[in-house]
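Chains as they are written, first to last, in numbering that gives the first Met the number 0: chain C, 0 to 116; chain H, 0 to 116. Down below is the structure, laid out as structure tokens.
There are 2 protein chains.
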Amino acid sequence: MNNDKCGCRIVHQDKVDQAKAHDLGPATTEGISTLFKACGDPGRLRIVYALLRQEMCVCDLAALLDVSESAVSHQLRLLRTMGLVANRREGTVLYYRVVDKRLAQLIDLAGLLQARE
Amino acid sequence: MNNDKCGCRIVHQDKVDQAKAHDLGPATTEGISTLFKACGDPGRLRIVYALLRQEMCVCDLAALLDVSESAVSHQLRLLRTMGLVANRREGTVLYYRVVDKRLAQLIDLAGLLQARE
DNA sequence: TTGATATATGATCAGATATTCATACAGCAG
DNA sequence: CTGCTGTATGAATATCTGATCATATATCAA
Numbered sequence: 000m001n002n003d004k005c006g007c008r009i010v011h012q013d014k015v016d017q018a019k020a021h022d023l024g025p026a027t028t029e030g031i032s033t034l035f036k037a038c039g040d041p042g043r044l045r046i047v048y049a050l051l052r053q054e055m056c057v058c059d060l061a062a063l064l065d066v067s068e069s070a071v072s073h074q075l076r077l078l079r080t081m082g083l084v085a086n087r088r089e090g091t092v093l094y095y096r097v098v099d100k101r102l103a104q105l106i107d108l109a110g111l112l113q114a115r116e
Numbered sequence: 000m001n002n003d004k005c006g007c008r009i010v011h012q013d014k015v016d017q018a019k020a021h022d023l024g025p026a027t028t029e030g031i032s033t034l035f036k037a038c039g040d041p042g043r044l045r046i047v048y049a050l051l052r053q054e055m056c057v058c059d060l061a062a063l064l065d066v067s068e069s070a071v072s073h074q075l076r077l078l079r080t081m082g083l084v085a086n087r088r089e090g091t092v093l094y095y096r097v098v099d100k101r102l103a104q105l106i107d108l109a110g111l112l113q114a115r116e
């Protein structure tokens, strides 16, 4: 990857080594960035935010976001696959909910951070 | 957008209305999801995480991530554009830093959330 | 000035992603 | 069983994203 030779590499090698020592492990990095990516889409963020308050079915979410039910279903599959949401069947209707309510804290904190700029 | 017809829409209309009332505004939604998206790439997440500890130049980051300096520069431009990082020039070297240290809390919290699954 | 270093930037392209469309499936009513 | 509703899923398409390459810029040194 890195075929450039740069003086900083020699001068700042200790800094790079320290950073490597404090770096997140590959699995952790992947996990965290995947979680962020899940909330990095406006549609999915709204889905998660809504499901934090109350469970909703695919049709409700489609009405809320004003997109097709198929599109919502695809997004829900992503969120389901990564364990962020789960569902409960009642007849033909599937009610979705957020598994870990602490996601609310994450979104609130993000709201604080972006409000400053 | 929504040309499907579904009975839930009538039955759960109050639920959808409530969700709409509690929904994040368009600007807030965009802002938060953009912040999440910034940390939703493993490379950028590692950059931000490293810069939270100490300022580093492009070359250092390239060595840390083992990618080209050009790739790092492009990522830094994104982070700079959205105000997450800033730089300081010293000769020909640009030292980058994270503007809002509270980003550490966000990443820590995300780490807790994904550790459970 | 010239040259070297560190970084920025634009163009391009491959891969990822999201929506749409069509279809399939599960549960219920009849 | 048949038909209907709500949802899932696969394929195709269009868009977005990230890396690479080439080139440009800024600072310093000689």
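For every residue, glycine included, the Cβ atom is placed at its ideal position computed from N, Cα and C. Only a predicted model underlies this, so the values are computations on that prediction, with no experimental measurement involved.
Item, Value
"Taking the C-alpha atoms as reference points, what is the distance between Val66(H) and Val47(H)?", "15 Å"
"Under a CB-based cut-off of 7 Å, is Arg76(H) close to chain C?", "no"
"Please name the residue, chosen from Leu44(C), Glu29(C) and Met55(C), that lies closest to Arg96(C) on a Cα-to-Cα basis.", "Met55(C)"
"By DSSP, does Arg8(C) sit in helix, in strand, or in coil?", "helix"
"Against chain H, with Cβ distances strictly below 7 Å, would Asp107(C) count as a contact?", "no"
"How would you label Ala62(H), buried or exposed, when you count the other beta carbons within 10 angstroms and need 16 or more for buried?", "buried"
"Looking only at its chain, what residues have a beta carbon closer than 7 Å to the beta carbon of Val92(H), apart from the 5 residues adjacent to it on each side?", "Cys56"
"Go to Val66(C), then tell me how far its beta strand (DSSP E) extends in each direction, as first and last residue.", "Unbroken run through Val66(C): none, as it is neither H nor E."
"Ala26(C): buried (16+ other C-beta within 10 angstroms of its C-beta) or exposed?", "exposed"
"Pop quiz: Leu75(C) and Ala37(C) are said to be a contact at Cβ under 8 Å. What is the actual Cβ separation, rounded to whole angstroms?", "At roughly 11 Å, the Cβ-Cβ gap does not stay under 8 Å, so Leu75(C) and Ala37(C) are not in contact."
"May I ask which residues mark the beginning and end of the beta strand (DSSP E) holding Glu89(C)?", "Val84 to Glu89"
"Against chain H, with Cβ distances strictly below 7 Å, would Ile46(C) count as a contact?", "no"
"Along chain H, which residues have their Cβ under 8 Å away from the Cβ of Arg101(C)?", "Leu108, Leu111 and Leu112"
"Between Ala18(H) and Ile31(C), what straight-line distance do the alpha-carbon atoms span, to the nearest angstrom?", "27 Å"
"With a threshold of 7 Å between beta carbons, is Ile9(H) in contact with chain C?", "no"
"Does the beta carbon of Gly90(C) sit closer than 7 Å to a beta carbon anywhere in chain H?", "no"
"Are Leu34(H) and Ala109(C) closer than 7 Å when you measure CB to CB?", "yes"
"Just the chain C side, please: which residues come within less than 7 Å of His73(H) by C-beta, in chain order?", "In chain order: nothing, as chain C lies at least about 14 Å away."
"Grouping DSSP H, G and I as helix and E and B as strand, with all else coil, what is Arg101(C)?", "coil"
"Please check if any C-beta of chain C sits within less than 7 Å of the C-beta of Val15(H).", "yes"
"Determine whether the Cβ of Ala26(H) lies closer than 7 Å to any Cβ atom of chain C.", "no"
"Leu64(C) and Gly42(C): beta carbons closer than 7 Å?", "yes"
"Alpha carbon to alpha carbon, how far is Lys127(H) from Gln53(H)?", "An answer regarding residue 127(H) cannot be provided, because it is not within the stretch 0 to 116 covered by chain H."
"Helix, strand or coil for Met0(C) per DSSP?", "For Met0(C), the pLDDT reaches just 44, beneath the cut-off of 50, and the residue's location in the model is therefore unreliable, although a value from the coordinates is still provided. Coil, per DSSP."
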